[in-house]
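Numbering (full-length UniProt numbering), first residue to last: 1 to 163.
What follows is one structure encoded as structure tokens, with my remarks underneath.
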Amino acid sequence: MNIRRARAEDLPGMQACNLRNLPENYTMKYFMSPFYLTYLYHCATWPSISYIAEDKGRIVGYILAKMEEETAEGEPPHGHVTSISVLRSYRRLGIAKKLMLRSQESMATIYRASHVSLHVRKSNRAALSLYRDTLGFEVRDIEQKYYADGEDAYAMRLTLEHD
Ligand code: ACO
């Protein structure tokens, strides 16, 4: 298993991984899909904070992240995890944890991010456990009907350490 920064040519593999795991978010395929456009924008703008996990050349997991740089006056920039997923047969091997830690480290060292934020469905027990129990994120807010199907989201945050 190799974890490395995402590159432009990884897009088809990342998209395949995404469509299998989170079909409700990105139903359109190919170059006009929200995932494709989001990926292109993220990788062009913040090329060092998105990562993939590959096994024998196949992408089995990814993290897609961005920086929120236009914050209120005086507030430091912070990172945001847009999407993370791992193929079903590769779960519970610590891949998502590694992807999160690599991205967080880059956010802190390259962009001096003060914290990292994300949204997660209230019903997503696996992801909630990863964020809260394994990585130490805290629930900051509940955003009502955040998802298109009406489910609420937890808005979560983790303060990043700096040397
Ligand atoms: N049930 C309970 N706890 C879990 C589960 C689960 N199914 N999966 C992970 N965890 C917790 C555990 O504490 C685990 O540690 P342990 O295995 O030592 O007990 C810890 O998270 C680390 O698990 P990883 O092995 O690193 O997680 P994995 O690589 O399996 O990926 C993920 C977790 C990304 C949530 C995966 O289940 C997945 O792809 N789900 C579908 C897509 C998804 O829901 N993505 C998150 C949406 S929110 C967003 O993108 C911001």
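No residue lacks a Cβ here, since even glycine has one placed at the ideal position from N, Cα and C.
If you draw a 10 Å sphere on the C-beta of I84, you find 16 or more other C-beta atoms in it, and that means buried.
Taken through DSSP and simplified to helix, strand or coil, N2 comes out as strand.
Between D10 and I52 a beta carbon distance of about 5 Å is seen, short of the 8 Å cut, so the two are scored as contacting. Of the heavy atoms belonging to ligand 1, none sits nearer than 8 Å to the Cβ of L19.
In the DSSP assignment, the residues bridged to V81 are A65. Taking E54 as the centre and dropping the five residues before and after it, the same chain places the C-beta of N2 closer than 6 Å to its C-beta, in chain order. Beta-bridge annotation (DSSP): M156 is paired with L118 and V139. Between H80 and S50, the C-beta gap is not smaller than 9 Å, which leaves the two residues out of contact.
For R58, the secondary structure class from DSSP, reduced to helix, strand or coil, is strand. Between the C-alpha atoms of G94 and G150 there is a straight-line separation of about 30 Å.
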